[in-house]
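Worksheet: one structure, shown below.
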Amino acid sequence: MENPVKNNLDFKVVFKETLNSMTLIPLMISGGRSNVTTRCSNITTLTDMRAQYASRVLSNIFAYKDLNSEIILTSCKNSDNSQPLSTAITCVVGPVINPSTKKKDVTTTFAEYTRLRQLHVKTRHPTEGKSMSWITEAVVSYDFLHNDTTKPMQAVGLAGLEVDPQFREAIKVLYNRSRVACILQKFSDGVNCSLYPPLPNLDMINFKVLKHKAEIEITSKYIAGFVPMLNKFSLTRISKITSELWRFLLFLSQDYSQYYSSVRTLCDEHNRSHPTMHARIWMLKVILTIYDAAFAILNLKPLEYV
890 MENPVKNNLD FKVVFKETLN SMTLIPLMIS GGRSNVTTRC SNITTLTDMR
940 AQYASRVLSN IFAYKDLNSE IILTSCKNSD NSQPLSTAIT CVVGPVINPS
990 TKKKDVTTTF AEYTRLRQLH VKTRHPTEGK SMSWITEAVV SYDFLHNDTT
1040 KPMQAVGLAG LEVDPQFREA IKVLYNRSRV ACILQKFSDG VNCSLYPPLP
1090 NLDMINFKVL KHKAEIEITS KYIAGFVPML NKFSLTRISK ITSELWRFLL
1140 FLSQDYSQYY SSVRTLCDEH NRSHPTMHAR IWMLKVILTI YDAAFAILNL
1190 KPLEYV
């Protein structure tokens, strides 16, 4: 049973503002200025690759913010520099720890680590081709970037653990993005075969039918909160940016998963309210744009099915 709650949230305004912002984000990333580079050791270690992953994401963030202050990510505390850093901001990336030795891993290549993660993906989620590589890429990204960039990171992919929280959390994000996309595709297919009436323009929707507690919380916490979170990212908090972005997606996915389990979005023999379905479809359309904007910042490929 749904749990209606009182609220003063203006869904229409929040959805409009968010959709307008999501349209601009890819343009701002591609057209904005940023100056993020890496300085790594002569032999590329997993820690060096972690620095490169963080660098690419931060480059997108600061291009979105059009902030071209020089930022250097390095894997070495005493990096040899032939040129003075002047006003550059330097962030020393935390080491990637081998769970077996409890020390910084300096022997495993990135190709080896990726292969181990790919084997884990194949065991848990049998798939082939691009989907396999895209899921693996997301898992590796989560491994490297889910915590403070300056803190040590446990390379759980080397441990071959049966219980692998980092793997499970990365998959949860991919899976729930896929859930949203699948529902929207089913709705579109239903419209094409006249099962559902077409989706009215957003201005024509009565969003007062969105009374479920989860609908209000998802809209207020995640839909209304995504752009403000991006805007708060600053040079003084560089090390926390990637982890906060991944954590946002994880919490959104957890809350959406619970909502998905308790509410049917599409009409069926038990629920024939087209106005409610249309309001929920618009909410999912906005959620999907947030997932895809965040994926673009993290350099991930969205999957339609996981």
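Take the sequence shown: its letters are residues 890 to 1195, numbered as in the working numbering. Backbone N, C-alpha and C define an ideal beta-carbon position, used for all residues, glycine too.
Residue burial classification, residue i (beta-carbon count within 10 angstroms, cutoff 16)
i: L1108; result: Here the sequence assigns Thr to residue 1108, which means Leu is not the residue at that position. Its Cβ being crowded by 16 or more others within 10 Å, T1108 is buried.
i: A1027; result: buried
i: M1093; result: exposed
i: G983; result: buried
i: T1178; result: buried
i: T1012; result: exposed
i: S1150; result: exposed
i: Q1147; result: exposed
i: E1001; result: exposed
i: L1084; result: exposed
i: Y929; result: The question names Tyr, but residue 929 in the sequence shown is Cys. Looking at its Cβ environment, which holds 16 or more other Cβ atoms inside 10 Å, C929 is buried.
i: T976; result: exposed
i: D899; result: exposed
i: S971; result: Here S971 scores only 47 on pLDDT, less than 50, and its place in the model is too uncertain to base an answer on.
i: W1171; result: buried
i: A1048; result: exposed
i: V1010; result: buried
Residue range of the alpha helix (DSSP H) that includes residue i
i: N1065; result: 1054-1081
i: I1107; result: 1102-1107
i: Y1206; result: Nothing in the structure corresponds to residue 1206, since the chain is present only between 890 and 1195.
Beta-ladder partner(s) of residue i, from DSSP
i: N987; result: K992
i: T887; result: Any question about residue 887 goes unanswered here, given that the chain covers just 890 to 1195.
i: M1021; result: M1021 pairs with nothing; no bridge assigned.
i: M1093; result: DSSP output for M1093 lists no bridge partner at all.
Boundaries of the beta strand (DSSP E) in which residue i is found, first to last residue
i: I978; result: 978-981
- Message: As an exercise, report each continuous alpha helix (DSSP H) stretch of at least 4 residues that is fully enclosed by the region 1109-1176, in chain order.
- Response: Secondary structure within the region 1109-1176: the alpha helix (DSSP H) runs of 4 or more consecutive residues, fully enclosed, are 1115-1121, 1127-1151 (chain order).
- Query: At what residue ranges does the region 910-960 contain a whole run of the alpha helix (DSSP H), taking only runs of 4 or more?
  - Reply: With a minimum length of 4 residues, the continuous alpha helix (DSSP H) runs that stay inside the region 910-960 are 935-953.
- Query: Taking three-plus beta-carbon pairs below 8 Å as touching, is the region 1031-1038 in contact with the region 1129-1139?
  - Reply: The answer is yes - the region 1129-1139 touches the region 1031-1038, with three or more Cβ pairs under 8 Å.
- Message: Between the region 1146-1162 and the region 1070-1087, can you find at least three pairs of beta-carbon atoms closer than 8 Å?
- Response: Three or more beta-carbon pairs separated by less than 8 Å link the region 1070-1087 to the region 1146-1162, which places the two stretches in contact.
- Message: Tell me whether the region 948-959 and the region 923-933 touch, counting them as touching only if at least three CB pairs, one residue from each stretch, are closer than 8 Å.
- Response: Enough Cβ pairs lie closer than 8 Å, so yes.
- Message: With three or more beta-carbon pairs closer than 8 Å as the criterion, would you say the region 1055-1065 touches the region 1098-1105?
- Response: With a cut-off of 8 Å on Cβ pairs, the region 1055-1065 is not in contact with the region 1098-1105, counting fewer than three such pairs.
- Task: Inspect the CB distances between the region 905-922 and the region 1171-1185 and report whether three or more fall short of 8 Å.
- Result: Contact between the region 905-922 and the region 1171-1185 is present, because at least three Cβ pairs lie under 8 Å.
- Item | the region 1051-1060 / the region 1121-1129 touching (three or more Cβ pairs under 8 Å) | Segments in contact, no.
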